[in-house]
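K.L.:
If you want it as structure tokens, here you go:
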């Protein structure tokens with residue numbers, strides 16, 4: 277381990293950690309479903325004489341012992357945030373069982389699972405606010421919004437929160453000036469760990485570090501392997517034909533990074 281590498285959360289998650297985070301996510305998913313059902317905005321109703329349909333201005337929402345009377349606009353805000361959080365919970369559960377199943381879950385990732393629903397809710401709200409300008413006319417109101425459409429969009433935003441953030445960044449980068457590069461931008465790549473430490477040709481290898489988001493290849497001796505599932509702190513690859521035992525080298529536009537330990541090719 278390098279002298280600048282943090283040891284916080286470096287240990288693998290134990291049974292208690294896994295049970296707590298899994299229980300939290302399952303209970304949160306159930307609570308979010310209840311919120312979606314209870315806060316669903318009211319639709320048009322036919323008057324008592326059957327002559328015309330109208331949309332109630334307010335509705336009573338029952339949420340865990342709290343019964344506020346909310347407008348349709350407020351209900352839409354609650355619904356899109358709950359849907360965004362629910363999508364993020366689905367993403368977190370899928371990621372959790374993958375890492376637990378492969379016995380590679382470290383404690384440093386537990387905070388991500390705890391904050392991911394909040395990120396999904398906030399991203400869902402932001403995208404909803406952006407879309408509202410195009411979903412209704414300037415004189416229209418919340419009654420013109422299809423709740424099923426905005427709820428589906430918010431749930432997908434939460435499910436693909438990283439992709440959504442990257443897409444928003446790409447869109448608004450064309451409208452706004454690019455910031456000057458600072459010390460915390462364009463960090464050189466670093467490899468912190470390689471899991472597993474050995475494998476045969478075709479085996480899956482997970483590399484963790486920083487600055488890996490633009491990685492293109494991983495070199496096993498003189499053999500190059502393409503990368504998949506790339507993020508700034510993690511990437512996947514497979515042991516290519518012709519690989520030999522030695523240190524792995526990750527290639528990025530910002531430079532290359534070499535693992536501190538050797539990878540053994542079986």
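In the working numbering, the protein residues as written are 277 to 542. Heads up, the beta-carbon is just placed ideally off N, CA and C, and yes, glycines get one too. Remember, it's a predicted structure, so these values are computed and weren't measured experimentally.
#1: Per DSSP, what kind of secondary structure is residue 315 in: helix, strand or coil?
#2: Taking all protein chains shown into account, do 16 or more other C-beta atoms lie within 10 angstroms of the C-beta of residue 437, making it buried, or fewer, making it exposed?
#3: If you pair each beta-carbon of the segment 287-297 with each one of the segment 372-389, do three or more pairs fall below 8 Å?
#4: Report the option in 407, 316, 447, 305 whose CA atom is closest to the CA atom of residue 394.
#5: Using 8 Å as the cut-off, can you tell me whether the segment 422-436 makes contact with the segment 352-371, which would need three or more C-beta pairs spanning the two stretches below that distance?
#6: Between the alpha carbons of residue 459 and residue 530, how many angstroms are there, rounded?
#7: Do residue 400 and residue 350 have their C-beta atoms closer together than 8 Å?
#8: With a CB to CB cut of under 7 Å and the five nearest residues on each side skipped, what residues in its chain are close to residue 526?
#9: Can you have a look at residue 541 and say buried or exposed, based on whether 16 or more other CB atoms are within 10 angstroms of its CB?
#10: Of all Cβ atoms in chain D, is any one closer than 8 Å to the Cβ of residue 451?
#11: Kindly give me the distance between the Cβ atoms of residue 361 and residue 301, rounded to whole angstroms, as I take these residues to be in contact under 8 Å.
#12: I need the straight-line Cα distance from residue 509 to residue 385, nearest angstrom please.
#13: DSSP beta-bridge partners for residue 347?
#14: Cβ of residue 433 within 8 Å of Cβ of residue 390?
#15: Pop quiz: residue 519 and residue 496 are said to be a contact at Cβ under 8 Å. What is the actual Cβ separation, rounded to whole angstroms?
#16: Residue 502 bridges to which residues according to DSSP?
#17: Is residue 470 near residue 381, with beta carbons less than 8 Å apart?
#18: To the nearest angstrom, how far is the alpha carbon of residue 334 from that of residue 313?
#19: Is the CB-CB distance between residue 512 and residue 521 below 8 Å?
#20: Going by DSSP in three states, residue 575 sits in which element: helix, strand or coil?
#21: On the DSSP bridge list, what partners appear for residue 539?
#22: I'd like to confirm the pairing. Which residues does DSSP put opposite residue 450 in its beta bridges?
#23: Does residue 303 pass the burial test, meaning 16 or more other C-beta atoms within 10 Å, or should it be called exposed?
P.N.:
In short, the structure shows the following:
#1: Along the chain shown, read from residue 1 onward, the residue named residue 315 stands at position 39. DSSP places residue 315 in the coil class of the three-state scheme, outside both helix and strand.
#2: Counting from one through the chain shown, the residue named residue 437 turns up at place 161. By the neighbour-count rule (16 or more Cβ atoms within 10 Å), residue 437 is buried.
#3: With contact defined as three or more Cβ pairs closer than 8 Å, the segment 287-297 and the segment 372-389 are in contact.
#4: Here residue 394 is taken as the residue at index 118 of the chain shown, counted from 1. For the residues 407, 316, 447, 305, the minimum Cα distance to residue 394 belongs to 305.
#5: yes
#6: On the chain shown, residue 459 is found 183 positions in, with the first residue counted as 1. On the chain shown, residue 530 is found 254 positions in, with the first residue counted as 1. In this prediction, residue 459 has a pLDDT of 48, which is less than 50 and means its spatial position is unreliable; nothing more can be read from the coordinates.
#7: On the chain shown, residue 400 is found 124 positions in, with the first residue counted as 1. On the chain shown, residue 350 is found 74 positions in, with the first residue counted as 1. It is not a contact, given that the beta carbons lie outside the stated cut-off.
#8: Position 250 of the chain shown, counted from the start, is the residue given in the question as residue 526. Hits under 7 Å: 465, 467, 483, 488, 491, 494, 532, 533.
#9: If you number the chain shown from 1, residue 541 lands on position 265. With 16 or more other Cβ atoms within 10 Å, it is buried.
#10: Of the chains in the structure shown, none is chain D; there is only one protein chain.
#11: One-based indexing of the chain shown puts residue 361 at position 85. One-based indexing of the chain shown puts residue 301 at position 25. The pair is not a contact, with the Cβ atoms about 11 Å apart (cut-off 8 Å).
#12: Your numbering for residue 509 matches position 233 in the chain shown. Your numbering for residue 385 matches position 109 in the chain shown. C-alpha separation (whole angstroms): 11 Å.
#13: Position 71 of the chain shown, counting from 1, holds the residue named residue 347. Beta-bridge pairing by DSSP links residue 347 to 334.
#14: Locating residue 433 in the chain shown gives position 157, where the first residue counts as 1. Locating residue 390 in the chain shown gives position 114, where the first residue counts as 1. Their beta carbons are not under 8 Å apart, which means residue 433 does not touch residue 390 by this criterion.
#15: Numbered from its first residue, the chain shown carries residue 519 at position 243. Numbered from its first residue, the chain shown carries residue 496 at position 220. About 3 Å separates the two Cβ atoms, so the contact holds.
#16: Mapped onto the chain shown, residue 502 falls at position 226. For residue 502, which the question treats as bridged, DSSP gives the partners 493.
#17: The count along the chain shown starts at 1 and reaches residue 470 at position 194. The count along the chain shown starts at 1 and reaches residue 381 at position 105. Result no, Cβ atoms of residue 470 and residue 381 do not sit closer than 8 Å.
#18: For the purposes of this step, residue 334 is taken as residue 58 along the chain shown, with counting starting at 1. For the purposes of this step, residue 313 is taken as residue 37 along the chain shown, with counting starting at 1. Taking the straight line joining both Cα atoms gives about 16 Å.
#19: Here residue 512 is taken as the residue at index 236 of the chain shown, counted from 1. Here residue 521 is taken as the residue at index 245 of the chain shown, counted from 1. No, Cβ-Cβ distance for residue 512 and residue 521 is not below 8 Å.
#20: The requested residue 575 is not part of the displayed model; the chain covers only 277 to 542.
#21: Position 263 of the chain shown, counting from 1, holds the residue named residue 539. Looking at the DSSP assignment, residue 539 forms a beta bridge with 522.
#22: In the chain shown, the residue the question calls residue 450 occupies position 174. Its beta-bridge partners do not exist; DSSP assigns none.
#23: If you number the chain shown from 1, residue 303 lands on position 27. Label assigned to residue 303: exposed.
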